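Undergrad: In this text, residue positions in the sequence shown follow my numbering: the first is 25, and each later residue adds one.
Backbone N, C-alpha and C define an ideal beta-carbon position, used for all residues, glycine too.
Keep in mind it's a predicted model, so treat the numbers as computed, not measured.
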Amino acid sequence: MNRSCPRTIAAIAAIRIADAIGMIRTIRTVGAVGAVTALGAVIALSGCTSSGTGPGSPAPSSIAALTSAVTPLPDSPATSTAQSTSPAPPSATEPSKTTPPAPPKPTPGGPAACTSTQLKVRALRGSAAAGQEFALITFTNTRSAVCTLNGFPRVSLRLNNAALGQPAQRSAKTPSTVKLAPGKQAQAAITDFSSCQAPVSNAVRVYPPDQGEFVDLPLSLRGCRVVVDPVTLS
C-alpha cells in the first residue's frame, strides 16, 4: 500500500469538502441528505487503492472528523407566490324600507252630490229688458234622500237639434253648495244678450253641475251671447 495515499486523500478531501460547503451555502435549498451524498461522492472519487489486489485503504480519521463537522443547512422556507387575500368585510345589509300604508280616504261628511237621474230639470222663460232676455233652469230633487248641487250648469242653445251660437259663459258670481231636500228645487239664471240678429233657439241643452248626462228642453232665446249663474236655492 502506498503510504502517501492517506495524506493525499486528506488534502484532496479537504479541498473538495470546502468546495462542497461553499456550494451548499450558495444553493440553500439543498437538504442535509444531499450535502452528505455530495460529500461522499467527493471522497469516493478521491480515494486511493493499494498497489495490490486488496481493498482500498480506509479513510483517515481526519476525513471522518471533517465529515462529522458538516452541519446540514436548514431548508430555506419556500416563498409563497400566492398573495394572501384579506377576507372581504361582510356587506352591510340595508334596512328594509317599509312603505307606510296609504291613509284611508276620508268619508265625505254630509249628503252626496245630486246626479242627473234623481233630478227633474226644467227651462222657464223669464222677463226681458232692453237688449236682454232672461230664463231659469230649475233642478228638483225627485228622490227620498238629501243631495247637493255646487257650481255652474253647462248650457247651450239649440236650433233644430243643432248648436246655436256659443255655449253659455259663466258669470262672475261665486258658487256655493246647495243642499237639496227631497222635493225641493234649486235654480240657475240665464241672461241672453239679445242685441244681435242671430236666429232664435227652440231648445236648450243642460248638464247639471259636475254631471256628464244632459237633457234637451224647449226654450226660445236669441242665439247671441249667453251667460249662466251658479245654482242657488229657490
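#1: Have a look at the DSSP bridge pairing and note the partners of Leu181.
#2: Are the stretch 183-198 and the stretch 149-169 touching by the rule of at least three beta carbon pairs closer than 8 Å?
#3: In angstroms, rounded to a whole number, what distance separates the CA positions of Ala205 and Gln190?
#4: Assuming Val239 contacts Ala212 (C-beta within less than 8 Å), just tell me the rounded distance between them.
#5: Could you tell me if the beta carbon of Asn174 falls within a distance shorter than 7 Å of some heavy atom in the ligand SAH?
#6: Let me know the secondary structure DSSP gives Thr139 once reduced to three states.
#7: Would you say Ser244 lies against chain B (beta-carbon separation less than 8 Å)?
#8: Give every residue of the same chain whose Cβ lies closer than 6 Å to the Cβ of Glu157, excluding the five residues on either side of it in the sequence, and list them in chain order.
#9: What is the DSSP secondary structure of Phe238, counted as helix, strand or coil?
#10: Skipping 5 residues on each side, what residues in its chain have a beta carbon closer than 6 Å to that of Val202?
#11: Given Pro223, which residues of its chain have a CB within under 8 Å of its CB, disregarding the five upstream and five downstream residues?
#12: Any idea which residues DSSP pairs Cys171 with across the strands?
#13: Helix, strand or coil for Ala152, going by three-state DSSP, please let me know.
#14: DSSP state of Gln221, grouped into three classes?
#15: Counting along the chain, where does the beta strand (DSSP E) carrying Val8 start and finish?
#16: In chain order, what residues of the same chain have a beta carbon less than 7 Å from the beta carbon of Gly64, not counting five sequence neighbours either side?
#17: Does DSSP classify Ala210 as helix, strand or coil?
#18: Do you know offhand how far Arg249's Cα is from Ala192's?
#19: By DSSP, does Val145 sit in helix, in strand, or in coil?
#20: Specify the secondary structure class of Thr166 as computed by DSSP and reduced to three states.
#21: Using a threshold of 8 Å, state whether the C-beta atoms of Ala152 and Val228 are closer than that.
#22: Should Pro242 be labelled buried (16 or more other beta-carbon atoms within 10 Å of its own) or exposed?
#23: Between the C-alpha atoms of Arg149 and Ser225, what's the straight-line distance to the nearest angstrom?
TA: So, to answer that:
#1: Position 157 of the sequence shown, counted from the start, is the residue given in the question as residue 181. Leu181 is bridged to Leu188 and Val228.
#2: no
#3: As a working mapping, residue 205 is identified with position 181 in the sequence shown. As a working mapping, residue 190 is identified with position 166 in the sequence shown. Going by the C-alpha atoms only, they are around 33 Å apart.
#4: In the sequence shown, the residue the question calls residue 239 occupies position 215. In the sequence shown, the residue the question calls residue 212 occupies position 188. Not a contact, Cβ separation roughly 13 Å.
#5: Looking for the ligand SAH in the displayed structure turns up nothing, as the structure carries no ligands at all.
#6: Locating residue 139 in the sequence shown gives position 115, counting from the first residue. Three-state DSSP puts Thr139 in coil, outside helix and strand.
#7: Absent from the structure is chain B; it holds one protein chain and no more.
#8: Working through the sequence shown from its first residue, we reach residue 157 at position 133. Excluding sequence neighbours, Glu157 sits near Asp216, Ser218 and Leu245.
#9: Residue numbering aside, residue 238 sits at position 214 when the sequence shown is read from its first letter. Of the three classes helix, strand and coil, the one that applies to Phe238 here is coil, per DSSP.
#10: Counting from one through the sequence shown, the residue named residue 202 turns up at place 178. Result list for Val202: Leu173, Ala210, Val255 and Leu257, in chain order.
#11: On the sequence shown, residue 223 is found 199 positions in, with the first residue counted as 1. Leu183, Leu188, Arg246 and Gly247.
#12: If you number the sequence shown from 1, residue 171 lands on position 147. For Cys171, which the question treats as bridged, DSSP gives the partners Leu204.
#13: Within the sequence shown, residue 152 is the residue found at index 128, counting from 1. Note: Ala152 maps to strand in three-state DSSP.
#14: Position 197 of the sequence shown, counting from 1, holds the residue named residue 221. In the structure shown, Gln221 sits in coil (DSSP, three-state: anything other than H, G, I, E or B).
#15: For residue 8 there is no data in the structure shown, the boundaries of the chain being 25 and 258.
#16: On the sequence shown, residue 64 is found 40 positions in, with the first residue counted as 1. Residue confidence is low: Gly64 scores 45 on pLDDT, short of 50, so the model does not pin down where it sits. No coordinate-derived value is stated.
#17: Here residue 210 corresponds to residue number 186 of the sequence shown, with the count starting at 1. Reduced to three states, the DSSP call for Ala210 is strand.
#18: Numbered from 1 along the sequence shown, position 225 holds the residue referred to as residue 249. Numbered from 1 along the sequence shown, position 168 holds the residue referred to as residue 192. Between Arg249 and Ala192, the C-alpha separation is close to 7 Å.
#19: Within the sequence shown, residue 145 is the residue found at index 121, counting from 1. The answer is strand: DSSP assigns Val145 an E or B state.
#20: Counting from 1 along the sequence shown, the entry for residue 166 is found at position 142. Three-state DSSP puts Thr166 in coil, outside helix and strand.
#21: Residue 152 sits at position 128 when you count from the first residue of the sequence shown. Residue 228 sits at position 204 when you count from the first residue of the sequence shown. In this structure, Val228 does not lie closer than 8 Å to Ala152 by Cβ.
#22: Taking the first residue of the sequence shown as 1, we reach residue 242 at position 218. Burial call: exposed.
#23: Within the sequence shown, residue 149 is the residue found at index 125, counting from 1. Within the sequence shown, residue 225 is the residue found at index 201, counting from 1. Roughly 12 Å between the two C-alpha positions.
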